[in-house]
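Some notes on the structure that comes next.
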Amino acid sequence: MGSTEGSIDNARARRRLRRKHKQLLRTAGRKPYLEPQPSDGSSDEVDACGEGSDGDACELQEYEHRFDTRGQMRPLRVGTKEAFEFSKDPSHRAAIVLIRAYGPSRNLLGIKLEIRSRHIRKALREVIGTYPSVSFHTSGCISVNDPPMCLFHYRLELEEYATHCGNPLAKAHINLCLDYVKSSLRQAISAFEAGMGAEKGPSIVHRDLWMAFKPGILIYQRINNTDVVLRLLRVESFKWAESDEVQVWILTAERIDYNGIDYGYIGHTINIKKYSGYKLMRELRAFPLECHPNKEKIRQNLARRGRKFVSLTGICHRFYDGIAHFYMDPSSTHTTKFNVKHRVMIDCKEFESQTNLMHIKFLPYTKLIETASKDHLSLSEEELLLCCHEVQGFSLVWRRWATLHVDNISEVQFNADAFDQLVFSEEKKNLIRSLVNQQHEDGAGFDDIIQGKGKGLVFLLHGPPGVGKTLTAESIADHTKRPLFSICSGQLVGPAPTVEQTLSRLLSLAERWQAVVLIDEADVFMQERTLLELERNGLVSILLRVLEYFEGTLFLTTNRAQTIDSAFRSRIHLSLAYPKLSNGALRALWENTIIRGCAGHRPRWLKDEFLDDLAKANVNGRDIKNIVRIAYAMGKNSRRKMKAKDIARGLAAFQAFNKDMSGNGETNQ
C-alpha cells in the first residue's frame with residue numbers, strides 16, 4: 001500500500017515539474033522539450049549526460065548527502081524530511097545540482113556543483129576551455145567544487161557569451177548559473193570589490209585571496225631584490241583538519257628556463273600565509289602584475305631582460321659585473337655570494353654535465369621550445385616576460401661555476417689595440433699573430449704544418465718577471481676575440497691522478513670554448529726529470545701526456561727556461577725569450593699605462609722629460625701597472641683626475657716598499 005502511494009506522489013511531482021518547464025519554455029519562445037527540435041548535427045547539441053532531455057529544466061536542485069543510522073550515505077533532497085531512493089540520476093532534469101556532503105559527525109565535508117545543462121556545458125567549454133581540477137570536455141556532467149572559482153573568474157566572459165549567444169534558453173541557463181555564483185559569493189564579492197577600489201590601492205582579505213588570482217594571469221614577485229614575472233597555473237588552499245579557515249594559499253606558477261638544449265617551462269610555488277584584515281596587494285609575496293603601480297615599466301624592463309636571456313643561448317663569452325653565487329663544491333647546492341667584475345663563459349649545457357647538482361626539470365605536459373640557434377628562436381612578448389632572471393656560467397678568473405644574474409651580463413669590450421701596444425719586436429709579434437690566426441681558422445689542419453705530436457699550438461714564453469709574458473697571452477686573446485683561460489699551477493695540487501683529472505677537465509673546457517689557455521709559472525710541470533724526485537716527475541709526465549691530445553692554443557710561462565725537460569721540445573711549437581726591459585721599452589710602457597689610466601686621453605702634464613725620468617726607475621712592467629693604479633686611486637679619492645704628482649708619490653711609495661723588502665735598496669727583479 002505504501003509503495004503504491006509513493007508511486008502516485010512521484011507521478012504527481014513529475015507532472016508538476018513538466019508543467020512548470022513547459023511554461024518556462026513558452027516564455028523563452030521555444031517549444032517544450034517533449035517536442036524534438038531540429039539539430040544542425042554538431043556535437044554540442046548531443047547531450048553528454050545521457051538522455052537528450054537531461055539538464056533541460058532551468059532550475060537548481062539542492063541535495064544533502066548524510067549518513068543514516070546504519071552508517072550508509074543517503075541523499076536527501078533539501079526541503080524533504082527523509083531520505084528516499086531514486087534512480088542513478090535523480091535530478092537529471094535540473095540544469096544544476098548542488099550537493100552538500102556531511103560526515104558521520106554531521107560536519108560539512110564539501111560542496112559540489114554538478115552542471116548538467118548542455119547549454120551551460122557548451123558555454124564553459126567555449127569560454128573557459130581549461131581550468132585546474134575541472135574537466136570541461138567530459139562526456140558526463142561537469143563537477144565544480146565550492147567555491148566555484150572557475151565560474152567567478154570567468155563570470156564577465158560568461159555574461160558576454162550569454163548576451164550574444166542568440167539562444168533564449170541557453171541564456172536563461174547561463175544566467176541561472178551566474179545567479180548562483182552571485183548568490184553564494186555575495187559577501188565575498190562585496191568585500192573583494194570594496195578592496196579592489198580602496199583609496200590606498202587594491203587590497204584584499206586573506207579568505208578571499210583566490211578571487212584576485214585567476215589562472216593564466218601574470219603575477220609579480222620580488223626575488224632577491226629582482227623583479228620576476230610568472231604565469232599562474234592554479235591556486236590551492238591549505239586548512240587544518242578541524243578548521244574551515246584557510247591557513248595558507250598556495251600559488252603554483254610557471255616561467256621559462258633553458259637547460260642548454262631546449263627552452264621550457266619550470267614550476268614555481270609561492271605560499272601566502274594567513275593574515276588579519278585587509279592587506280595591500282603590493283605588500284603580498286606575489287600579486288597580479290596588473291596591480292603593480294609601475295606595471296608598464298616592469299613589462300619593458302623584463303622584456304628587455306628576456307631578449308638578453310634568449311641571446312645567451314649556447315656558448316657565450318660575456319662580461320659580468322655584480323653579485324654572483326658560486327658553487328664552491330660542485331657536488332653541493334650550497335652557494336657562496338661574491339661581488340665580481342670579470343669575464344665569464346655562459347654554458348648551461350656544460351654546467352649540467354660538470355656538476356652533480358639538481359638540474360633543470362621542465363614541467364610535464366608542457367611544450368618545449370626547441371632551438372638549435374638563438375637566431376631561430378622566436379618568443380612572444382609575454383614569453384619574454386617569463387624568461388628566467390638567472391643563468392649558469394663559469395668564472396674565467398676564479399675557474400668556478402656560478403649562478404649569474406642576467407641584468408649584470410654585458411658584451412665583452414675587447415682591447416683590439418692591446419697586442420699592437422705590446423712592447424715587443426714587430427717580427428715576433430707578427431709570428432705569434434700568424435700562428436694563432438691560422439690555428440683558429442684551420443684547427444686540426446694546422447698539425448700538418450707545425451712539428452709536434454698534438455693538434456694544438458703551444459707557446460713557451462720565458463724571461464724575468466714583469467716583462468710582458470702574461471700580457472702577451474692576454475693581448476692575443478683580445479686580438480682574436482677569444483676567452484682567456486688562465487690556469488695557475490697552485491690549482492694543480494694533490495696526488496698525480498687528481499692533478500691529471502683536474503688539468504684534463506680544465507683543458508677540455510678551454511677546447512669547448514675555443515679559449516686561449518695560459519698556464520702561468522709552469523716551472524713545476526716542466527723541470528727536467530731526475531731519479532730522485534719521483535712525485536715531481538709524475539707531474540711532468542702528466543703535462544706531457546695532456547699536451548699530447550690538446551687541440552687548442554696554449555701559452556706556458558716560466559722564469560727558468562734552462563731547466564725545462566727535453567721532452568717538451570717536441571711539444572712546443574714556438575719559444576720566445578723576453579729580455580729585461582730597456583729604457584726605451586720602459587718609457588713606452590709608462591706612456592701607454594698612464595694614458596690608459598686617464599681613460600685613453602693623453603694628459604697635458606705627460607711631457608717627454610717626465611717620461612725620461614720615469615724610465616730611469618728600476619722597475620718592470622708589472623711594477624709600472626701597480627704604480628699607476630696607486631696614482632689613479634689617489635686622484636679618485638680626491639675627486640679629481642690623476643696628476644703627475646700622484647705618479648711621483650706612487651713611485652716613491654713603491655721604491656720605499658722595495659727597499660724594506662730587499663734590505664739593500666735594490667729592486668727585486
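Going by UniProt numbering, 614 is the number at position 614 of the sequence shown; the sequence numbering is gapless. Where a beta carbon is used, it is the ideal one built from N, C-alpha and C, also for glycine. Since the structure is predicted, the reported quantities are computational estimates derived from the model, not experimental observations.
(request) From the DSSP output, read off the bridge partner residues of D520. (result) One-based indexing of the sequence shown puts residue 520 at position 520. Paired residues: C488.
(request) Within 10 angstroms of the Cβ of F657, are there 16 or more other Cβ atoms? Answer buried if so, exposed if not. (result) Along the sequence shown, read from residue 1 onward, the residue named residue 657 stands at position 657. Counting Cβ neighbours within 10 Å, F657 comes out exposed, since fewer than 16 surround it.
(message) W398 and F351 - do their beta-carbons sit closer together than 9 Å?
(response) Indexing the sequence shown from 1 puts residue 351 at position 351. Indexing the sequence shown from 1 puts residue 398 at position 398. Not in contact: F351 and W398 (Cβ atoms no closer than 9 Å).
(message) Measuring straight from C-alpha to C-alpha, what distance separates I564 and F525?
(response) Taking the sequence shown and counting its residues from 1, the one referred to as residue 564 is at position 564. Taking the sequence shown and counting its residues from 1, the one referred to as residue 525 is at position 525. Cα-Cα distance, rounded: 9 Å.
(message) In this structure, how does DSSP classify H317 when only helix, strand and coil are distinguished?
(response) By one-based count along the sequence shown, residue 317 stands at place 317. In the three-state reduction of the DSSP assignment, H317 falls in the strand class, which pools E and B.
(request) Please name the residue in E427, Y220, A253, Q421 whose C-alpha comes closest to that of L232. (result) Counting from one through the sequence shown, the residue named residue 232 turns up at place 232. Closest option to L232, Cα to Cα, is A253.
(request) Determine the contact status of I256 and I266, defining contact as a CB-CB distance below 9 Å. (result) Walking along the sequence shown from the start, residue 256 turns up at place 256. Walking along the sequence shown from the start, residue 266 turns up at place 266. Yes, the Cβ-Cβ distance between I256 and I266 is below 9 Å.
(message) Give me, in chain order, the residues of the same chain whose beta-carbon lies closer than 8 Å to that of H161; leave out the 5 immediate sequence neighbours on both sides.
(response) For the purposes of this step, residue 161 is taken as the residue at position 161 of the sequence shown. According to the sequence provided, residue 161 is Tyr. The question's His does not apply to it. Correct list, in chain order: A123, E126, V127, I174.
(message) My output table needs one value for L108: the three-state DSSP class, helix, strand or coil.
(response) Here residue 108 corresponds to residue number 108 of the sequence shown, with the count starting at 1. L108 sits in a strand when the DSSP states are folded into three classes.
(message) Using only the alpha-carbon positions, how far apart do A286 and M196 sit?
(response) Within the sequence shown, residue 286 is the residue found at index 286, counting from 1. Within the sequence shown, residue 196 is the residue found at index 196, counting from 1. Each residue's CA atom was taken as its position, placing A286 and M196 some 16 Å apart.
(message) For H405, report the span of its beta strand (DSSP E) as first-last.
(response) Walking along the sequence shown from the start, residue 405 turns up at place 405. Unbroken beta strand (DSSP E) run through H405: 401-405.
(request) Could you tell me which residues DSSP pairs with H462 in its beta bridges? (result) Here residue 462 is taken as the residue at index 462 of the sequence shown, counted from 1. Its beta-bridge partners are T558, A577.
(request) Give, in chain order, every unbroken run of the beta strand (DSSP E) that is at least 3 residues long and sits entirely within the region 573-629. (result) 574-577
(message) Less than 8 Å between C-beta atoms, sequence neighbours within five positions excluded: which residues of the same chain meet that for R106?
(response) The residue labelled residue 106 in the question sits at position 106 within the sequence shown. Same-chain partners within the cutoff: R66.
(message) Using the Cβ count rule (16 or more neighbours within 10 Å means buried), how would you classify F362?
(response) Residue 362 sits at position 362 when you count from the first residue of the sequence shown. Result: buried.
(request) Look up S143 in the DSSP assignment and give the residues it is bridged to. (result) Within the sequence shown, numbered from 1, the residue matching residue 143 stands at position 143. Partner(s): E114.
(request) Measure the alpha-carbon distance for E236 versus K214 and round it to whole angstroms. (result) In the sequence shown, counting from the first residue as 1, residue 236 sits at position 236. In the sequence shown, counting from the first residue as 1, residue 214 sits at position 214. Rounded to whole angstroms, E236 to K214 spans 12 Å at the Cα level.
(message) Please list the terminal residues of the continuous alpha helix (DSSP H) segment that includes T498.
(response) Along the sequence shown, one-based indexing puts residue 498 at 498. For T498, the uninterrupted alpha helix (DSSP H) run begins and ends at 496-512, by DSSP.
(request) Tell me whether W240 sits in a helix, a strand or coil according to DSSP, three-state version. (result) On the sequence shown, position 240 is the one that residue 240 refers to. Here W240 sits in coil by DSSP.
(message) Just to confirm the assignment, what range does the beta strand (DSSP E) spanning G264 have?
(response) What you label residue 264 is simply residue 264 of the sequence shown in a count that begins at 1. Its beta strand (DSSP E) spans residues 262-273.
(request) Could you say which of A644, K641, V436, L651 lies nearest to K625 if we only look at CA atoms? (result) Position 625 of the sequence shown, counted from the start, is the residue given in the question as residue 625. Of the candidates A644, K641, V436, L651, the one whose C-alpha sits nearest the C-alpha of K625 is L651.
(request) Please work out which residues of its chain come closer than 8 Å, Cβ to Cβ, to V546, disregarding the five sequence neighbours upstream and downstream, and give them in chain order. (result) In the sequence shown, counting from the first residue as 1, residue 546 sits at position 546. Cβ within range, chain order: E500, L503, S504, L507.
(request) Using a threshold of 9 Å, state whether the C-beta atoms of Y327 and V344 are closer than that. (result) Along the sequence shown, one-based indexing puts residue 327 at 327. Along the sequence shown, one-based indexing puts residue 344 at 344. Against a cut-off of 9 Å, the Cβ pair of V344 and Y327 comes out as no contact.
(request) Give me the Cβ distance between D146 and K182, rounded to the nearest whole Å; I'm assuming they're in contact under 8 Å. (result) Mapped onto the sequence shown, residue 146 falls at position 146. Mapped onto the sequence shown, residue 182 falls at position 182. With 8 Å as the limit, D146 and K182 do not qualify as a contact, their Cβ atoms being about 14 Å apart.
(message) So, at 7 Å on beta carbons, what are the nonlocal neighbours of V406 in its own chain, with the 5 sequence-adjacent residues on each side left out?
(response) Numbered from 1 along the sequence shown, position 406 holds the residue referred to as residue 406. Result list for V406: R305, K308, F309, H389, E390, V391, in chain order.
(request) Starting from M345, follow its DSSP beta bridges and name the residues at the other end. (result) Sequence index remark: in the sequence shown, residue 345 carries index 345 (1-based). Paired residues: H317, F394.
(request) Buried or exposed for Q439, please, with buried defined as at least 16 other CB atoms from any protein chain shown within 10 angstroms of its CB. (result) Position 439 of the sequence shown holds residue 439. Buried.
(request) Express the C-alpha separation of K469 and Q655 in angstroms, rounding to a whole number. (result) Here residue 655 corresponds to residue number 655 of the sequence shown, with the count starting at 1. Here residue 469 corresponds to residue number 469 of the sequence shown, with the count starting at 1. When rounded, the distance between both Cα atoms is 23 Å.
(request) Compare the Cα-Cα distances from L574 to each of L460, R649, V229 and report the closest residue. (result) Translated into positions along the sequence shown, residue 574 becomes position 574. When only C-alpha atoms are compared, the closest one is L460.
(message) I need the DSSP call for Y180, collapsed to helix, strand or coil.
(response) For the purposes of this step, residue 180 is taken as the residue at position 180 of the sequence shown. Here DSSP, grouped into helix, strand and coil, assigns Y180 to helix.
(request) Pull up the distance between the alpha-carbon of G314 and that of G264, whole angstroms please. (result) Your numbering for residue 314 matches position 314 in the sequence shown. Your numbering for residue 264 matches position 264 in the sequence shown. If I take the Cα positions, the gap works out to 15 Å.
(request) Would you mind stating whether A473 and F555 have Cβ atoms separated by less than 9 Å? (result) For the purposes of this step, residue 473 is taken as residue 473 along the sequence shown, with counting starting at 1. For the purposes of this step, residue 555 is taken as residue 555 along the sequence shown, with counting starting at 1. Yes, the Cβ-Cβ distance between A473 and F555 is below 9 Å.
(request) Keeping to the same chain, check which residues put their C-beta closer than 6 Å to that of R234; ignore five residues upstream and five downstream. (result) Counting from one through the sequence shown, the residue named residue 234 turns up at place 234. Result list for R234: P132, P215, T252, in chain order.
(message) Using only the alpha-carbon positions, how far apart do L312 and V628 sit?
(response) For the purposes of this step, residue 312 is taken as residue 312 along the sequence shown, with counting starting at 1. For the purposes of this step, residue 628 is taken as residue 628 along the sequence shown, with counting starting at 1. Distance between the alpha carbons of L312 and V628 is about 36 Å.
(request) Go to L218, then tell me how far its alpha helix (DSSP H) extends in each direction, as first and last residue. (result) In the sequence shown, residue 218 corresponds to position 218, counting from 1. L218 -> not in any alpha helix (DSSP H); beta strand (DSSP E) instead, spanning 218-223.
(message) By DSSP's criteria, A57 is part of a beta bridge. Which residues make up the other side?
(response) Your numbering for residue 57 matches position 57 in the sequence shown. A57 is bridged to A94.
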